[in-house]
Amino acid sequence: MSARPLTVLMTVGTVLAATGLADARPDSRAMGCAEIHAMIQGRRAVVLTTGPNL
């Protein structure tokens, strides 16, 4: 295998591994409205957990 396809595969693998290490979803049940609002304003988009199975 030449160097270029190997480099592309390694780059894709690294990106996929890094996205798997993303922050866990914040649990909205343990947060106040002001805290959630501040998080949304700071990050511009947030995915919140609303229950143990969601």
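Residue numbers for the sequence shown follow this note's numbering, so the first one is 4 and each next one is one higher.
Backbone N, C-alpha and C fix where the C-beta goes; we use that ideal spot for every residue, glycine too.
Note that this is a predicted model, so its numbers are computed, not measured.
Terminal residues of the alpha helix (DSSP H) in which residue 41 lies: In the sequence shown, counting from the first residue as 1, residue 41 sits at position 38. Taken as a continuous stretch (DSSP letters only), the alpha helix (DSSP H) holding residue 41 covers 36-46.
For my contact list, residue 50 and residue 43 are in at a C-beta cut-off of 8 Å; report their separation, rounded to the angstrom. The residue given as residue 50 occupies position 47 in the sequence shown. The residue given as residue 43 occupies position 40 in the sequence shown. For a cut-off of 8 Å, the C-beta gap from residue 50 to residue 43 is around 11 Å, too long to register as a contact.
Quick one: what does DSSP say residue 10 is sitting in, helix, strand or coil? Locating residue 10 in the sequence shown gives position 7, where the first residue counts as 1. Correct three-state label for residue 10: helix.
Please report the Cβ distance between residue 14 and residue 29, rounded to the nearest whole angstrom; I am assuming they are in contact, meaning their Cβ atoms lie under 8 Å. Taking the sequence shown and counting its residues from 1, the one referred to as residue 14 is at position 11. Taking the sequence shown and counting its residues from 1, the one referred to as residue 29 is at position 26. The C-beta distance from residue 14 to residue 29 rounds to 30 Å, too long to meet the 8 Å contact threshold.
Rounded to whole angstroms, what's the CA-CA distance from residue 36 to residue 47? Just pull it up for me. Walking along the sequence shown from the start, residue 36 turns up at place 33. Walking along the sequence shown from the start, residue 47 turns up at place 44. Cα-Cα distance, rounded: 16 Å.
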